[in-house]
Amino acid sequence: PIELEPLTDLLLGAAYADKRIEGSELDRIRAILCKLLGEDRLPDALEERLRSFNPAKFDPSSAAAPYRDRKAEDKRKLLELVASVSDADGELDLAESDYLVAVARGLGMDESEYGDLTIELLEDDDLEHFFDVFDES
């Protein structure tokens, strides 16, 4: 069984990562939790957790700690759930990508296990070679 309170907090953290929460993100969180519970609606205690969540006091690494000893594929699935909340509004920005990295690190994951879920910034060295394609034509 999965611990729902820290999972709920991780999902809420994803929704607030870009400093604004969208209705689509809350809908996604409710859908995930209802599916995990096998219920049509959330228990009152979880609804209250959604309402009372304080993103300013939230630490994603600490919230991820209960799942740190899980199998690699379980941690990947958990991170994909978190990413699905970030993607629910149709946008993935740097703050949301950074949040995913913080959760992944809290889970003890290596970048090779989650890099495809985050935004990769090109370094100056990469940019030099990136433009070589245009010089050839």
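Just so you know, we're using this note's numbering here: the sequence shown kicks off at 68 and counts up by one. Note that beta-carbon positions come from the ideal geometry of N, C-alpha and C, so glycine has one too.
- Item | Reduced DSSP category for residue 88 - H, G, I as helix; E, B as strand; rest coil | For this step, residue 88 is matched to residue 21 along the sequence shown. The answer is coil: DSSP assigns residue 88 none of H, G, I, E or B.
- Task: Identify, in the order they occur along the chain, each residue of the same chain with its Cβ nearer than 6 Å to the Cβ of residue 171, setting aside the five sequence neighbours on each side.
- Result: Residue 171 sits at position 104 when you count from the first residue of the sequence shown. Excluding positions up to five away in sequence, the list reads 146 and 181.
- Query: For residue 290, which three-state DSSP category applies?
  - Reply: The question about residue 290 has no answer, for the chain in this structure spans 68 to 204.
- Task: Indicate the three-state DSSP secondary structure (helix, strand or coil) for residue 69 in the structure shown.
- Result: To locate residue 69, count along the sequence shown from 1; it is residue 2. Coil.
- Task: Kindly provide the ranges of any alpha helix (DSSP H) runs that are 4 or more residues long and lie completely inside the region 77-151, ordered along the chain.
- Result: Unbroken alpha helix (DSSP H) stretches of 4 residues or longer found wholly inside the region 77-151: 90-104, 111-119 and 127-131, given in chain order.
- Query: For the alpha helix (DSSP H) that contains residue 173, what are its first and last residues?
  - Reply: In the sequence shown, the residue the question calls residue 173 occupies position 106. Note, residue 173: alpha helix (DSSP H), 161-173.
- With distances taken from CA atoms, which of 112, 139 and 104 is nearest residue 177? Position 110 of the sequence shown holds residue 177. Taking only the C-alpha atoms, the option nearest residue 177 is 139.
- Task: Figure out for me which residue from 86, 74, 73 and 69 has the closest Cα to the Cα of residue 165.
- Result: Sequence index remark: in the sequence shown, residue 165 carries index 98 (1-based). Of the candidates 86, 74, 73 and 69, the one whose C-alpha sits nearest the C-alpha of residue 165 is 86.
- Would a C-beta distance cut-off of 9 Å place residue 90 and residue 135 closer than the cut-off? Translated into the one-based positions of the sequence shown, residue 90 becomes position 23. Translated into the one-based positions of the sequence shown, residue 135 becomes position 68. No, the pair does not count as a contact, with Cβ atoms beyond the cut-off.
- Residue of 183, 80 and 179 minimising C-alpha distance to residue 129: Counting from one through the sequence shown, the residue named residue 129 turns up at place 62. In terms of CA proximity to residue 129, 80 leads the group 183, 80 and 179.
- Task: For residue 95, collect the residues of the same chain with a Cβ closer than 7 Å to its Cβ; drop the 5 residues on either side in sequence, then sort them by chain order.
- Result: Residue numbering aside, residue 95 sits at position 28 when the sequence shown is read from its first letter. Closer than 7 Å at the Cβ level, and outside the excluded window around residue 95, lie 151, 152 and 155.
- Message: Rounded to whole angstroms, what is the Cα-Cα separation between residue 206 and residue 103?
- Response: Residue 206 lies beyond the stretch modelled for the chain, which goes from 68 to 204, so this question has no answer here.
- Task: Throw me the rounded Cβ distance for the residue 167 and residue 148 pair, which I believe falls under 8 Å.
- Result: Here residue 167 corresponds to residue number 100 of the sequence shown, with the count starting at 1. Here residue 148 corresponds to residue number 81 of the sequence shown, with the count starting at 1. Actually they do not touch by this definition, with Cβ atoms about 11 Å apart.
- Query: Are there 16 or more other CB atoms within 10 angstroms of the CB of residue 111, so buried, or fewer, so exposed?
  - Reply: As a first step, residue 111 must be located in the sequence shown, where it is residue number 44. Under this definition residue 111 is an exposed residue.
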